[in-house]
Structure formats: C-alpha cells, structure tokens
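Below is one structure, written out as structure tokens; comments come after it.
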Amino acid sequence: MSNKAIVYVKPGEVEVRDIGYPDLVLRDGPGVNPLNVGRKCNHGVILKVISTNICGSDQHMVRGRTTAPSGLVLGHEITGQVIEVGSDVEFIEKGDIVSVPFNIACGRCESCKKQDTHICTNVNPDRPGSAYGYVDMGGWVGGQSEYVMVPYADFQLLKFPDKDQALEKILDLTMLSDIFPTGYHGAVSAGVKTGSTVYVAGAGPVGLAAAHSAQLLGASVVIVGDLNEDRLAQARSFGCETVNLREHDNLGEQIEQILGIPEVDCAVDAVGFEASGHGRDAGEAPATVLNSIMGVTKAGGRLGIPGLYVTGDPGAVDKDAKEGTLKIRFGLGFAKAHIFVTGQTPVMRYNRDLMKAILSGRAQIAKAVNATVISINEAPDGYKQFDGGVSRKFVIDPHNMIKQRSFLTTSQQVSN
1 MSNKAIVYVK PGEVEVRDIG YPDLVLRDGP GVNPLNVGRK CNHGVILKVI
51 STNICGSDQH MVRGRTTAPS GLVLGHEITG QVIEVGSDVE FIEKGDIVSV
101 PFNIACGRCE SCKKQDTHIC TNVNPDRPGS AYGYVDMGGW VGGQSEYVMV
151 PYADFQLLKF PDKDQALEKI LDLTMLSDIF PTGYHGAVSA GVKTGSTVYV
201 AGAGPVGLAA AHSAQLLGAS VVIVGDLNED RLAQARSFGC ETVNLREHDN
251 LGEQIEQILG IPEVDCAVDA VGFEASGHGR DAGEAPATVL NSIMGVTKAG
301 GRLGIPGLYV TGDPGAVDKD AKEGTLKIRF GLGFAKAHIF VTGQTPVMRY
351 NRDLMKAILS GRAQIAKAVN ATVISINEAP DGYKQFDGGV SRKFVIDPHN
401 MIKQRSFLTT SQQVSN
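When you number the sequence shown by full-length UniProt numbering, it's gap-free, plus one each residue, and the end is 416.
Below is the structure:
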C-alpha cells in the first residue's frame, strides 16, 4: 500500500514522496538514531491520518535553520483513525478517532509518571524528549502522511468520545496535538489568571493560540505584537489589542497607549530563535523577544516561553547564536525577579481539558488561528505561503475526509 508523505529535501524545498506503508517497527531512515533502529513497537498502532498540520517548528527545518537531514519525513501534529493495533495494546481499538500528542512518551519513566511527557527518558537515546518528524528527536517518522505508526498507544492517545462529533469539530480538535496545548502552556506558564494583562510576542499560529488561551483563562487585556499586519488583523478578529513592531520600535510606549502604563502582568514568547528586531529596518536578532518581554513585564511577573530555541542553528547571525548562546539581559530578569518557564509543552497535561472546552463550544481555536484545509499535494505550496507570512494555519487532509466540514470553505478562507 502506498503512503504519500511530506519530505524535507533541502533548504526551502519539501516534496511529496511515497515512503511506504508503516509497520510496528522503527526502521532505519533519514534522521533515525542508530540506537532506535529496529525498535519493536507492539505497544503501538497504525493510524489513517485524518488531519496533520504544518507547524512553525517545521519551518525552522525547512528554512535550513537546523541540522535536519535531507529525506526527513515531516509532521508532528497528527489526528487519525486507528486501523491496526499492536499485540500489546489493550484499550485502544480499531476505528477509534484519536489525537496524538507531539511528544513521544513511554508512560513508564520517572518523567512520564510526573506528567513531564515532554522530557521522557526512554524514547530518544540522545537526550530527554522526542517528537515525530523532527531533527535530533530520535528519528520517529513524521505524520504529514497518509498513514503513520504511533508507539505507546494506550498511554499517549487521546480518544474522542463520539466519532461523528469529532469529525464535525475536526478543525478545532486537530489543534490538540500541539498548537493549542502549546499556546495554552505558554499562557499558564506566564501565570495568566482572571484580570491579567498579557503581552504575547508573535502573531503566528502559536501566538494566536496563546492569545486565545489567555482569554479562556480570564485575561482582561491581551496585547499581541508582530511585524506582519495581516497576522495582527487576525489577532484583532477575536478581541486582542495589537502592536505593529515594524512601525514602532518602543514596545513599552505602545503598551502604555493601550493600558495607561508601560508594562503588563505577564508575557509569552511565541516567536523563538528566529526573532527579528523591532523597527522598519531591523534584521534578525535572536534575543530580541526575550529581552523585550523582560522589559515590559512587571517585577515579579512570569514569562512563558513556548517559542522554540535550539542548540544548533547553522543559519544563525553569529557564532554564538549557532550553538544557542544568545545575548540575553539576564541581569534585568534577575533584578525584576522574573520567573522563566521554557521547554517543549507537555501536551498530555492539557489536551483532555482543552478537548472538553472545544466539544462544549467554549474554545474556538480553529477560528482564532484561521484554519485552512489543503490536500497533501498542496502541502509544498502551503509551506511556501506560511513562510511568506500568510495568516493561516494549514491543515493537511490526506484522505479528503474533512474539506466539506470546514467552518469556512478553502476558497472563502483564501479570499480573506
């Protein structure tokens, strides 16, 4: 059986290839850790992928900003239907529709037992933590494909209680694999609570998810900053205040115009290491966001940092940044007694509650991030549009199962 997938070729280029139907063994291939080759996964399942999303983290690899090898199968945001069950799986059944946390976690190690599934110690021989289709994460095959193998199914998979309801809400539920929990984790890590004033750096999909999450948590004002006016318009569409950082290089002044004071209670970095400086002519400055959120967050405030930072960036602006060493004003953070929370999101800590918020109609994450459905053959163009700054969250529909269920049709979304 064929299995179309999105494969990283070289900087700026992805393509659709047939990678072969998966089985319950991690085979050798691009990016697979040698110590993981041949790993048997009778605890796993095979999914028919219903939806799989393009993530900003994928773009870091596609831009050539990591050490990802050519041929790496991309994709860590996966929702699917179980079509094959391993012999050690007890509670997941064929036909179940499930969300897959992007963190691969065994459920057996000390980290997993503490709900720290983002730093599982049994799935990646190089370091704690793993993910599908991502560089230096153990080599587990990505899910931007028609079919994918998912290990540790009983522990990891979030089963939707009603299949028909799941398909009706699929554009929202597909965000549970990464983007919604990641944005929510950023807001929770920042200490957002009823009445909080919040600054979110970045109006890409994770920033928009963080902003919507801050609203769900009771924030009184959510301010989103970005260089892209179309993305800022999307943030305004669901009630956020915005700052165009290409037009204004003094963030504090802009916040003061909105709040009356030049600071917020807490802040979220949804940008990461490919940050740009503020102002019309500013270039890349990887520590910009971290320094700016320290500057505008009140003393004793918290900084949630779901934006990705890496230990290897071959395209960095200087030697230090190539190994993840950034010029951060840590003394400022110390002086203001800030609390920093970094690292991958432990998706399983949040996804069940966020699922209930979606199914009840409380959360409207698909609208917040402008979910746009495309076919797997359209994915390479989706990558190019996303890289160009379009304000959409592209949802790949490999089997044409969800296009007619979109809250808007693709043509309506593209015309927005």
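For glycine and all other residues, C-beta sits at the position ideal for the given N, C-alpha and C. Every value quoted in this text rests on a predicted model; they were computed, and no experiment measured them.
heavy atom of the ligand NAP below 6 angstroms from residue i C-beta
i: F155; result: You won't find the ligand NAP in this model; it holds no ligand whatsoever.
N-terminal and C-terminal residue of the alpha helix (DSSP H) that residue i is part of
i: L332; result: F330 to A335
i: T288; result: T288 to V296
i: V62; result: G56 to V62
DSSP-derived helix/strand/coil call for residue i
i: N416; result: Residue placement at N416 is poorly supported in this model, since its pLDDT is 38, which falls under 50; the coordinates still yield a value, given next. Reduced to three states, the DSSP call for N416 is coil.
i: D269; result: strand
i: A316; result: coil
i: F386; result: helix
i: R17; result: strand
i: I402; result: coil
i: R352; result: helix
i: residue 437; result: Because residue 437 is not part of the residues shown, which for the chain are 1 to 416, the question remains open.
i: S189; result: helix
i: V347; result: helix
i: T409; result: Unreliable positioning characterises T409 in this predicted model, as indicated by a pLDDT of 37, which lies under 50. A coordinate reading is not provided.
i: E90; result: coil
i: A282; result: coil
i: L74; result: coil
i: A68; result: coil
i: A299; result: strand
i: L26; result: strand
Beta strand (DSSP E) segment containing residue i, residue limits
i: S51; result: V45 to N53
i: V37; result: Neither: V37 is in no beta strand (DSSP E) and is coded neither H nor E.
i: K4; result: K4 to K10
i: V395; result: K393 to I396
i: A371; result: A371 to I374
i: Q81; result: I78 to V85
i: T197; result: T197 to A201
i: A341; result: It should be pointed out that residue 341 corresponds to Val in this sequence rather than to Ala. Run containing V341: I339 to V341, per the beta strand (DSSP E) assignment.
Distance between residue j and residue i (C-alpha atoms, nearest Å)
i: D265; j: V82; result: 44 angstroms
i: G86; j: R65; result: 36 angstroms
i: Q234; j: Q59; result: 20 angstroms
i: A371; j: C112; result: 31 angstroms
i: E274; j: G312; result: 12 angstroms
i: M348; j: H118; result: 9 angstroms
i: K393; j: N53; result: 7 angstroms
i: K159; j: V289; result: 37 angstroms
i: P346; j: L176; result: 12 angstroms
i: S411; j: E241; result: Caution applies to S411, whose pLDDT of 36 falls short of 50 and renders its modelled position unreliable; the value that the coordinates give is listed next. Answer to the nearest angstrom: the Cα atoms are 28 angstroms apart.
i: V414; j: G191; result: Low confidence applies here, because V414 scores a pLDDT of 39, under 50, leaving its location unreliable and the question unanswered by this model.
i: K327; j: D96; result: 48 angstroms
i: I19; j: V390; result: 29 angstroms
i: L408; j: N122; result: Reliability of the predicted coordinates at L408 is poor, the pLDDT of 41 falling under 50, and the value obtained from them is presented with this limitation in mind. One C-alpha to the other measures close to 42 angstroms.
i: S189; j: A267; result: 9 angstroms
i: P69; j: P262; result: 44 angstroms
i: V206; j: N36; result: 30 angstroms
i: P11; j: G71; result: 12 angstroms
i: V341; j: G307; result: 11 angstroms
i: A5; j: G56; result: 18 angstroms
i: L157; j: S99; result: 6 angstroms
i: D249; j: G279; result: 5 angstroms
Burial state of residue i (16 or more Cβ within 10 Å)
i: G239; result: exposed
i: S130; result: buried
i: M1; result: exposed
i: G143; result: buried
i: L332; result: exposed
i: V317; result: exposed
i: A210; result: buried
i: K169; result: buried
i: Q297; result: The identity of residue 297 in the sequence shown is Thr, whereas the question assumes Gln. Classification of T297: buried, given that the 10 Å Cβ count is 16 or more.
i: Q254; result: buried
i: P161; result: exposed
i: D320; result: exposed
i: N400; result: exposed
i: N33; result: buried
i: P125; result: exposed
i: D164; result: exposed
i: S360; result: exposed
i: E146; result: buried
i: E90; result: exposed
Any chain C beta carbon closer than 7 angstroms to residue i
i: I97; result: Included in the structure is just one protein chain, with no chain C present.
Length-filtered (4 minimum) alpha helix (DSSP H) runs lying within the stretch 101 to 183: 110 to 113, 153 to 156, 163 to 168 and 170 to 173
Entirely enclosed beta strand (DSSP E) segments - the UniProt domain "Alcohol dehydrogenase-like C-terminal" (205 to 273), minimum 3 residues: 221 to 226, 241 to 244 and 264 to 269
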